[in-house]
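This report refers to the structure that appears directly beneath it.
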Amino acid sequence: MSSKKILKIVAGVIIFITLPSLLLFGYLHFKYDEDLPVGVQNEQADALAKKMLTALDYEAYKNTKYIEWTYKKRRHYKWKKSEHSCTVYWEEYKVDLKLNELNSSKAYVHNFKVEGEQAKNLIAEAHTYFSEDSFWLVAPYRVFDEGVTRSVVNVNGKQELLVNYQPDDTYLWQLDTNGMPTSFKMWNNKLPFDGVELSWKDWTTTESGAKLPTFHKFMFFGMELQDVKGTK
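Per my numbering, the sequence shown starts with residue 9, numbered consecutively.
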């Protein structure tokens, strides 16, 4: 086979693989990419955030001492919220996180305690997992956390809540007439598109009375949160 024919075959394979991806990327960019809206930080924004917390029964969440859930069948969490600790399980690893004192956390491999650099790396990994995965469970309850800012945005004559949780991490909450979250749009540096919508509709009311989500729809994908429990 001549080198010219080989080059043609290689070029054809590359085009076959990349062209559909480029077309899909272009479609998604056109469909989903939105500029970050400009909100106004005022009493109306705080009132809208409080309305959301009331609809969610924030008092029940605040009094929930223990939360358990599984994130996308990958990681399992047993969060002793009142004690600021969480046990994180994934693959053959287990980490007992002390959220206010990470240096006191303990790491295990196949239930055998490990020390040194391995423990340090596993604790850091577990803390990252907890921070990211718990967001998809309790994000609405964090709108008045320290450092979080709230703005009100008018969208087609309706007020929506724009929340900046940290730099380059902003979400526009859509609420129903009672203030219950139904979805939000996302602007953060981890996504290839701005303004992508993620649903917040599949709620369960736990034993403690806290309302927590069990599923999020994200573009063509689903994010499942299983075994969701909350107790006092």
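Beta carbons are placed, not taken as given, at the ideal position from N, Cα and C, and that holds for glycine.
Using 8 Å for Cβ pairs, my map puts tyrosine 79 next to tyrosine 101. What's the rounded Cβ distance?
That pair is no contact at about 14 Å.
Quick one: using the 10 Å Cβ neighbour count with 16 as the cut-off for buried, is threonine 213 buried or exposed?
exposed
By the three-class DSSP mapping on this structure, what secondary structure does histidine 118 have?
coil
Are the CB atoms of tyrosine 85 and valine 96 within a distance shorter than 8 Å?
yes
Whole-angstrom distance between lysine 88 and lysine 70, CA atom to CA atom
12 Å
Just the Cα atoms here: how many angstroms apart are phenylalanine 226 and glutamate 232?
Cα to Cα, the separation comes out at about 11 Å.
Would you list the one or two residues that DSSP bridges to phenylalanine 229?
The bridge partners DSSP lists for phenylalanine 229 are Phe226.
When the distance is taken between beta carbons, is glutamate 42 closer than 8 Å to aspartate 177?
no
Residue ranges of each alpha helix (DSSP H) within the region 121-152, 4 or longer:
124-146
With three or more beta-carbon pairs closer than 8 Å as the criterion, would you say the region 193-209 touches the region 118-136?
no
Beta-carbon proximity list for valine 161, same chain, < 6 Å, skipping 5 on both sides
Pro45, Gly47, Glu168 and Leu170
Identify whether leucine 32 lies in helix, strand or coil by the three-state DSSP scheme.
Unreliable positioning characterises leucine 32 in this predicted model, as indicated by a pLDDT of 39, which lies under 50. The coordinate reading is nonetheless provided below. In the three-state reduction of the DSSP assignment, leucine 32 falls in the helix class, which pools H, G and I.
What is the DSSP secondary structure of glutamate 76, reduced to helix, strand or coil?
In the three-state reduction of the DSSP assignment, glutamate 76 falls in the strand class.
Outcome for aspartate 141 when other beta-carbon atoms lying within 10 angstroms are tallied against a minimum of 16:
Classification of aspartate 141: buried, given that the 10 Å Cβ count is 16 or more.
Could you give the distance in angstroms between the alpha-carbon of valine 156 and the alpha-carbon of leucine 56?
14 Å
Separation of threonine 62 from isoleucine 75, as counted between CA atoms
20 Å
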